[in-house]
Amino acid sequence: ETQREAVLDALDNVAERLAEEKEYLTDLDSAIGDADHGANMERGFGKAADKRDEFAEMEPNEVVKNVGTTLISNVGGASGPLYGGSIMFASQELEGGITAETSVAFAEAYLDKVKDRGGAQVGAKTMVDALVPAVHTYKKSIEQDDLPPLEALAKAVDAAERGVAFTVPIKAMKGRASFLDWRSVGHQDPGATSTLFILEELLETAE
Ligand code: ADP
Ligand code: MG
Ligand code: MG
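Numbering (our numbering), first residue to last: 99 to 305.
Structural data, given as C-alpha cells:
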C-alpha cells in the first residue's frame, strides 16, 4: 500500500467516524456552545473525503494540504480555521514523505499553529487540552523511547483521552464556551473530543 492510499484511507475513516459521532459532538456543543460542532466536523471532513478521486494523483503532503483547504472553505466558526489552517500549514512537513521523523514534525507544526491562531494554552478547555499531551507523548515516544510510530501513536491516543477528561472539570477561557464563565464547568469540550476521535481513527488506520 502506498503512502497516498494510507492517507486516503485515514481520511475516509476519519470522515466516517465524525459522521457517526455527529450527534454526540452536537450534544457536547449544545451544552457549552452553539450546537454545531458535530455538523461542522461531518461537513468539513465529508467534503474532503468526497474529493478522493481528485486526490488520487497527489503526493501525500498535497492530499493533506487539500484536506486543510477544504476544511477552511467549508467550515466556519472557530474549528474550521483552526483545524483547516493548521492541517494546511503542517502539511509542509510531509513534503519528503511520511516517516517517523516527519510525522513528529507534522504533529508539532500542527500544535504550534493551533496555539498560535487560537491563543489557547493548556487549561483553557479547548482542543489544545487533547493535543498538547498527545503531541508531547508522540514526540517523546519516538525520539526518546525509540518506539515504532504505531506504538507511539497508541500512547498519544491514551494521552489525548486523558486530556479530554481534563476538560470536564475546568472553566473555558477561550471560544464560545468562555462566555458561560463558571457554567462551562462540568462539561466536556467538543473540539478536544473531535481531536481524540481523529487520532483514534489515525491509529485504527495504521494498525
Ligand atoms: P464555534 O465555537 O465557532 O461554533 P465549533 O463548535 O465547530 O466552532 O468548535 C468549537 C471548538 O473549537 C471548541 O470546543 C474548542 O475545542 C475549539 N476552540 C474554540 N476556540 C478556540 C481557541 N481559541 N483555541 C483553540 N480551540 C478553540
Ligand atoms: Mg459550535
Ligand atoms: Mg458555530
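Even glycine gets a Cβ: it sits at the ideal position worked out from N, Cα and C.
If you're wondering where the values come from, they're calculated on a predicted model, not measured in any experiment.
So is the beta-carbon of residue i under 6 Å away from any non-hydrogen atom of ligand 3?
i, result
"residue 136", "no"
"residue 353", "For residue 353 there is no data in the structure shown, the boundaries of the chain being 99 and 305."
Taking the Cβ atom as the reference point for each residue, do residue i and residue j lie within a distance shorter than 7 Å?
i, j, result
"residue 262", "residue 224", "no"
"residue 107", "residue 303", "yes"
"residue 168", "residue 186", "no"
To the nearest angstrom, report how far apart residue i and residue j are at their CA atoms.
i, j, result
"residue 264", "residue 151", "39 Å"
"residue 222", "residue 275", "10 Å"
"residue 142", "residue 109", "11 Å"
Near residue i, what residues of its chain come up, given a Cβ to Cβ distance below 6 Å and the 5 sequence neighbours on each side ignored?
i, result
"residue 191", "200, 203, 204, 207"
Please confirm whether any heavy atom of ligand 2 lies closer than 6 Å to the CB of residue i.
i, result
"residue 131", "yes"
"residue 125", "no"
Helix, strand or coil, according to DSSP, for residue i in the structure here?
i, result
"residue 253", "helix"
"residue 289", "helix"
"residue 186", "helix"
"residue 145", "helix"
"residue 89", "Lying outside 99 to 305, the shown extent of the chain, residue 89 is not represented and no answer is given."
"residue 94", "Residue 94 lies beyond the stretch modelled for the chain, which goes from 99 to 305, so this question has no answer here."
"residue 241", "helix"
Could you tell me whether any non-hydrogen atom of ligand 5 is closer than 6 Å to the CB of residue i?
i, result
"residue 273", "For the structure depicted, ligand 5 is absent and the ligand set comprises only ligand 1, ligand 2 and ligand 3."
Give me, in chain order, the residues of the same chain whose beta-carbon lies closer than 8 Å to that of residue i; leave out the 5 immediate sequence neighbours on both sides.
i, result
"residue 180", "212, 215, 216, 225, 289"
"residue 256", "235"
Go through its chain and collect everything with a Cβ distance to residue i's Cβ below 7 Å, but skip five positions before and after it.
i, result
"residue 138", "173, 175, 177, 178"
Given 6 Å as the limit, tell me if residue i has its C-beta closer than that to any heavy atom belonging to ligand 1.
i, result
"residue 156", "no"
"residue 224", "yes"
"residue 288", "yes"
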